[in-house]
Structure formats: structure tokens, C-alpha cells
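Asks: Pasting a structure below so you can have a look.
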Amino acid sequence: VSTQSTGGQLWNDQEGTITITNHQTGDTGCLYFIPYKTTKHFTKIKGDVMDKDGVTRVQIKGDWTSNYTYRKVGEEAWNDVWNLPADILEDKKKYYGFSTFAIQLNEEEEGVAPTDSRNRPDQRCLEHGDVEGAAEEKLRLEEKQRARRKAAKN
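The number in my numbering is simply the position in the sequence shown, starting from 1, with 3 added.
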């Protein structure tokens with residue numbers, strides 16, 4: 004679900020359940036992406052790992068952009084599964100949680116097709132953290148497309 008508050012930040016609200024099955028043992032894992040409307044945070048997850056009889060053995064929680072933790076049922080302590088390095092976390096809101104490597108994949112490049120998305124001014128603005136500029140540029144491009152379609156119709 005794509006969401007945007009008026010004049011605010013645009014984000015995709017991940018919501019729903021993913022079920023993973025171990026076909027050799029019959030164990031399953033269910034991860035639930037918690038909707039923004041519930042927590043006012045759009046990257047939270049929780050889940051369970053169940054044995055073949057459906058008995059929950061492990062609980063999972065975290066933030067799908069930065070960390071996962073787990074604990075065995077009946078234990079108090081949560082254990083880290085994965086944590087995003089702090090240097091990436093500092094800029095994650097500005098760069099949509101992408102790593103430096105992922106950001107570099109979309110860098111400008113000579114000789115690409117004119118229709119390549121890397122040539123879009125609104126994309127360039129987003130990549131530089133200018134959300135307002137991107138929205139203005141996207142509106143400008145859409146208006147230009149509408150005018151071109153209208154001219155072609157006449």
C-alpha cells in the first residue's frame with residue numbers, strides 16, 4: 004500500500020503475513036508485517052516458528068530495515084539474528100534504507116538509453132534526499148505528458 008501524508012513523506016506500507024515451510028520437517032515460520040496504522044512505524048515485524056504439530060517454539064520480532072531478534076518460548080532474553088551497521092542506519096530515512104552499494108547501482112552513467120529511469124529528474128531529486136523537489140519535478144513531468152497527449156488528440 005503506497006501512502007503519503009499531505010505534503011509529507013511517501014512510503015510503502017508493508018502489511019500481511021509470509022509463511023515459510025520446511026518440507027522435510029513440517030516446521031513453519033510465519034512473519035507478520037505490522038501495518039503503519041497499528042504502530043505508527045512502517046517497518047515492524049513479528050512472527051513465530053512452529054513445529055509440525057503447530058506448537059510455537061520460537062518468537063521473532065524486529066524492524067525489517069534494521070534488525071531481527073528471537074527468543075525460544077519460555078525464555079526471557081531476546082537474541083540478535085541480524086543488525087544493520089550503525090553507519091547505514093544514520094542515513095536510512097534519507098536513502099530509503101539502501102546500503103551504499105545499492106545506492107551506487109543507480110548512479111548516473113554515460114551512454115544509457117534516454118528512457119532509462121536514471122535520467123529522470125524526479126529520480127535524481129529523490130536520490131539526493133530532496134523529496135519536495137522530486138514531487139515538484141514529477142508533477143511537472145506529468146503535466147508535460149498530459150499536454151503532449153492532448154496535442155496528439157487534437
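Ideal Cβ placement from N, Cα and C applies to all residues, glycine included.
#1: In the DSSP output, which residue or residues are listed as bridge partners for W85?
#2: Rounded to whole angstroms, what's the CA-CA distance from R123 to E139? Just pull it up for me.
#3: Consult DSSP for R121 and reduce its assignment to one of helix, strand or coil.
#4: For G32, name the three-state secondary structure that DSSP assigns.
#5: Going by DSSP, what residue range makes up the beta strand (DSSP E) through Q148?
#6: For F45, which of N86, Q107, S120, Q17 has the nearest alpha-carbon?
#7: Rounded to the nearest angstrom, what separates V52 and F36 at their Cα positions?
#8: Based on DSSP bridge pairs, tell me the residues matched to G57.
#9: Going by DSSP, what residues sit across from K64 in a beta bridge?
#10: Since I63 and L34 are thought to touch, with beta carbons under 8 Å apart, how far apart are those beta carbons, to the nearest angstrom?
#11: Which class does V4 belong to by DSSP, given the choice of helix, strand or coil?
#12: Does DSSP put I37 in a helix, in a strand, or in coil?
#13: Kindly give me the distance between the Cβ atoms of R74 and W81, rounded to whole angstroms, as I take these residues to be in contact under 8 Å.
#14: Please state if the CB of K49 and the CB of D30 are separated by a distance shorter than 8 Å.
Replies: In brief:
#1: Locating residue 85 in the sequence shown gives position 82, counting from the first residue. Answer by DSSP bridge pairing, in chain order: Y71.
#2: Translated into the one-based positions of the sequence shown, residue 123 becomes position 120. Translated into the one-based positions of the sequence shown, residue 139 becomes position 136. When only Cα atoms are considered, R123 and E139 end up about 13 Å apart.
#3: The residue you call residue 121 lines up with position 118 of the sequence shown. In this structure, DSSP gives R121 a helical state, which the three-state scheme calls helix.
#4: On the sequence shown, residue 32 is found 29 positions in, with the first residue counted as 1. If DSSP states are grouped into helix, strand and coil, G32 belongs with the strands.
#5: Residue mapping note: residue 148 aligns to position 145 of the sequence shown, counting from 1. Where Q148 is concerned, there is no enclosing beta strand (DSSP E), although the alpha helix (DSSP H) it sits in stretches over 134-156.
#6: Residue numbering aside, residue 45 sits at position 42 when the sequence shown is read from its first letter. Nearest C-alpha to F45: Q17.
#7: Position 49 of the sequence shown holds residue 52. Position 33 of the sequence shown holds residue 36. Separation of V52 and F36 (C-alpha to C-alpha, rounded to the nearest whole angstrom) is 15 Å.
#8: Residue 57 sits at position 54 when you count from the first residue of the sequence shown. Answer by DSSP bridge pairing: none, since G57 is not bridged.
#9: Here residue 64 refers to the residue found at position 61 of the sequence shown. K49, T72, per the DSSP bridge assignment.
#10: Along the sequence shown, read from residue 1 onward, the residue named residue 63 stands at position 60. Along the sequence shown, read from residue 1 onward, the residue named residue 34 stands at position 31. Indeed they touch by this definition, with Cβ atoms about 7 Å apart.
#11: Here residue 4 refers to the residue found at position 1 when the sequence shown is read from its first residue. No answer about V4 holds up, because its pLDDT of 49 lies below 50 and its placement is not dependable.
#12: Residue mapping note: residue 37 aligns to position 34 of the sequence shown, counting from 1. If DSSP states are grouped into helix, strand and coil, I37 belongs with coil.
#13: In the sequence shown, counting from the first residue as 1, residue 74 sits at position 71. In the sequence shown, counting from the first residue as 1, residue 81 sits at position 78. The beta-carbon separation of R74 and W81, rounded to 5 Å, stays under the 8 Å limit for a contact.
#14: Taking the sequence shown and counting its residues from 1, the one referred to as residue 30 is at position 27. Taking the sequence shown and counting its residues from 1, the one referred to as residue 49 is at position 46. No. Outside cutoff.
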